Amino acid sequence: MKTQIQKSLKILTDPLKKITQPLKPNKKKKIGLALGSGGAKGFAHIGVLKVLEKEGIKIDMVAGSSMGAVIGALYGVHMNTKEIEKLTKGFELKKYFDIGLPRSGLIKGDKLEKYLRKILNNSKFKDLAFPLFINATDINSGQEVVFNKGDLTKAVRASISIPGLFYPVENNGRILIDGGIKDPLPVEILRKNGCDIIIAVSLVDEEDDKIIYDSATNIKSKKAKLPNILEISTKIEEINEEELIYSRRCGKKANLTIKPIVSSKDFFNFKKQKELINAGEEAAQKKIKKIKRLAKKIG
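For the record, in the sequence shown the residue sitting at position 10 is 789 according to this note's numbering, with numbers rising by one throughout.
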């Protein structure tokens, strides 16, 4: 007969046995999609998604930077590329200009945020069809800030805050600007969050860095609560010096990189939506055999 001590020990040891059991070896592997920054060129992401959708390639997780964050968020809400194409057709940035004093940027961004909230159905991250990660850059520390919970629109607004053009976004004591400044192709975010296979869509080149940097230096600064343009441009220069080489290597860390043929001249050319979508489709179609082989590896 078991003593009272033995009975007590059983209560203590049985749960421990369950905790220490090894994980099952047949854990399903995950495919992640990294959508890079690039302004209006980001319409090419829609084309890539159209091909993946048509070919039945299931994406388990998405990370987006700047315009990549916009498209990733839209896909997470609607899960339909035709709907995304319809929602973004005819978009003109100038429609959403709410001009502020040229302190930290020309555009306050309130009108654009209202538009984003509408097309994103006022969603939260938890409402999305898959885990989504959106990045922004902390202008003071130079660190990458990653959003994956809470208000979706606020995260997207922070990620697209091109310095000099839009006011930075204040969030939990941090002042945030465009995610593409620190990490234009967020491959590493997916790797850190358990993705086994990563497909990256790269749109950024050195000319894009110049466009973003120039936007932050072409406006005279004035005193303000938020950092002024000269402070922002100096910080960007520091971040770029430290991170440019790392960022350009991100594509190499992906299992496969899709590079649509797009021009830096189209960074602000939102009128070319259809052509840019087509460029994404063409680039993805060229890689579809390799993508299918990768997808087969995870069963």
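In this text, a Cβ means the ideal position worked out from N, Cα and C, and glycines have one as well. Here the structure is a predicted model, which is why all the values come from computation and not from measurement.
Look up residue i in the DSSP assignment and say whether it is helix, strand or coil.
i, result
"residue 817", "coil"
"residue 923", "strand"
"residue 1045", "helix"
"residue 1067", "helix"
"residue 938", "helix"
"residue 886", "strand"
"residue 914", "strand"
"residue 838", "coil"
"residue 861", "helix"
"residue 979", "strand"
"residue 843", "strand"
"residue 950", "strand"
"residue 899", "coil"
"residue 945", "strand"
"residue 878", "strand"
"residue 906", "helix"
"residue 964", "coil"
"residue 811", "strand"
"residue 1037", "strand"
"residue 1077", "coil"
"residue 999", "Summary for residue 999: the model assigns pLDDT 38, below 50, so the residue's position carries little reliability; its value from the coordinates is reported in the next sentence. If DSSP states are grouped into helix, strand and coil, residue 999 belongs with coil."
May I have the straight-line CA-CA distance separating residue i from residue j, to the nearest angstrom?
i, j, result
"residue 967", "residue 1032", "8 Å"
"residue 811", "residue 875", "32 Å"
"residue 1063", "residue 827", "5 Å"
"residue 820", "residue 912", "20 Å"
"residue 897", "residue 891", "10 Å"
"residue 998", "residue 1038", "In this predicted model, residue 998 has a pLDDT of only 38, less than 50, meaning its place in the structure is not dependable enough to derive any value."
"residue 921", "residue 942", "13 Å"
"residue 837", "residue 980", "16 Å"
"residue 1057", "residue 823", "7 Å"
"residue 965", "residue 1047", "21 Å"
"residue 848", "residue 1055", "17 Å"
"residue 903", "residue 1053", "29 Å"
"residue 959", "residue 1076", "31 Å"
"residue 901", "residue 915", "20 Å"
"residue 955", "residue 930", "15 Å"
"residue 919", "residue 830", "39 Å"
"residue 857", "residue 899", "8 Å"
"residue 971", "residue 839", "14 Å"
Compare the C-beta of residue i with all C-beta atoms of chain B and state if any pair is closer than 8 Å.
i, result
"residue 945", "Annotation note: the requested chain B is absent from the structure, which comprises a single protein chain."
Can you round the beta-carbon distance between residue i and residue j to whole angstroms, since I take them to be within the 8 Å contact cut?
i, j, result
"residue 825", "residue 1059", "6 Å"
"residue 877", "residue 863", "No, residue 877 and residue 863 are not in contact; Cβ-Cβ is about 25 Å, not under 8 Å."
"residue 938", "residue 957", "7 Å"
"residue 813", "residue 969", "6 Å"
"residue 808", "residue 1045", "No, residue 808 and residue 1045 are not in contact; Cβ-Cβ is about 36 Å, not under 8 Å."
"residue 860", "residue 832", "6 Å"
"residue 924", "residue 953", "6 Å"
"residue 817", "residue 846", "6 Å"
"residue 844", "residue 962", "6 Å"
Any heavy atom of the ligand SAM closer than 7 Å to the Cβ of residue i?
i, result
"residue 897", "Inclusion of the ligand SAM in the displayed structure is not the case, the ligand content being empty and no account of it being possible."
> Is the segment 1063-1077 touching the segment 849-856 in the sense that three or more CB pairs, one from each, lie closer than 8 Å?
Replying inline: no
> Should the segment 946-960 be regarded as contacting the segment 894-911, the criterion being three or more beta carbon pairs within less than 8 Å?
Replying inline: no
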